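Presented below is the structure to which this report refers.
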């Protein structure tokens, strides 16, 4: 039954993708033949199909000898996904304008070249501006006041990064920038809130990205949780082992105490469908903890705010949404999640959802930015601790 459902889903996705690309392809065909009469339909549709389906083609588990070609297909396919979304917004508007001109008995053929040039120019602006938003990172600062004490009047600085999506698109260059930005904060804690990997662990290993992550420096440790893309990649044990070897603890339904606070790391919600045991409830994770100590929880997907608030979580950190990554997708994520980006105070729970550092698919962002989060946790107390190096202690596994 499960296999049948997967096959049906796959067929539906390919059918929709095929219809969408035919709609885009036929418009591009009319434009190109207006510019270049005599263009071969067979050549055009073959090349268009390769580009249009480059991303799903690249996701096939090809043998090692073909993987360099598959990587090229993934890059091409990623940018095409951005072009496809642009086309799905602009082409219907163009069709409406052409329809109105037809009703007004205006010769539309005279406007084909002008319309094409305008669309190409707008696409270029879209890609350039979107690339700038994807690769130019901003640091967002949140000052959170928590009515609990860790025996210090010094704010606790926590650097947060989510959705790095390290792989064939987001690589060492962007990763080095992240490490430099985070280390400049001189944080007490560094928290990676899921989707460190894009999917496959192969480019992460091949390009030695763990060597860059090893350079992250925090007084009281670096911790991470799994995102849905680590589950999709299917190499969680290897990933956890590599991260552990560079001093980054991946918390899988685990709690550690560091810098006087509890760090709770939940398995991603994907575990509920991909692992027989699912994941533990928030109440189970927090059972037996000292309620007078602050609790910071990482849960990759921003859900269950009310449950977390009632359980006694003080700060909930999530990512996943990318804030839609490319407008107008942010209108969709805004309706899917109680909070798809930014800050929310729910009872005494501080919720921070990041739009993420990297990108999925095209390295393009519109109405969204590549970001890192700097938290300043203002806690009651008087004893300074920030220069004391205290190793994290595992509370529960």
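Residue numbers (the working numbering): 52 to 448. The beta carbon of each residue, even a glycine, is placed where N, CA and C say it ideally should be. All figures in this text were calculated on a predicted structure; none of them were measured in a lab.
My understanding is that residue 269 touches residue 299, with C-beta atoms under 8 Å, so please give their C-beta distance in whole angstroms.
With 8 Å as the limit, residue 269 and residue 299 do not qualify as a contact, their Cβ atoms being about 10 Å apart.
Could you check if residue 382 is buried or exposed, using at least 16 other CB atoms within 10 Å of its CB as the buried criterion?
exposed
Output the distance between the C-alpha atoms of residue 316 and residue 243, rounded to the nearest integer angstrom.
10 Å
Tell me where the beta strand (DSSP E) around residue 241 begins and ends.
240-243
So if DSSP puts residue 422 in a beta bridge, which residue, or which two residues, is it bridged to?
189
For residue 386, which of helix, strand or coil comes out of DSSP?
helix
Considering only their Cβ atoms, is the gap separating residue 207 from residue 367 smaller than 8 Å?
no
Same chain, Cβ closer than 6 Å to residue 72, five either side skipped, listed in chain order:
103
Whole angstroms is fine: what's the gap from residue 363's alpha carbon to residue 346's?
7 Å
I'd like the span of the beta strand (DSSP E) that includes residue 401, first residue to last.
400-404
Which partner residues does residue 196 have in the DSSP bridge list?
429
Since residue 311 and residue 344 should fall inside the 8 Å C-beta cutoff, what is the C-beta to C-beta distance between them, to a whole number of angstroms?
7 Å
Going by beta carbon distance, what residues of the same chain come within less than 7 Å of residue 287, once the five residues before and after it are set aside?
277 and 281
Ordered list of beta strand (DSSP E) runs contained in the segment 324-395, each at least 3 residues:
346-349 and 366-369
Measure how close the beta-carbons of residue 424 and residue 405 come, nearest whole angstrom, since I'm counting them as under 8 Å.
5 Å
Who are the Cβ neighbours of residue 218 in its own chain at under 8 Å, not counting the five residues just before and after it?
248, 249, 250, 251, 254 and 255
C-beta contact flag for residue 80 and residue 417 at 8 Å:
no
With C-beta atoms as the reference, is residue 198 less than 8 Å away from residue 341?
no
In the DSSP assignment, find the alpha helix (DSSP H) that holds residue 3 and state where it starts and stops.
This structure cannot speak to residue 3, because the chain is shown only from 52 to 448.
Take residue 352 and list the residues in its own chain whose beta-carbon comes closer than 6 Å to its own, dropping the five residues that flank it on each side.
320 and 371
In the DSSP assignment, find the unbroken beta strand (DSSP E) run with residue 153 in it and report its ends.
Residue 153 -> not in any beta strand (DSSP E); alpha helix (DSSP H) instead, spanning 118-154.
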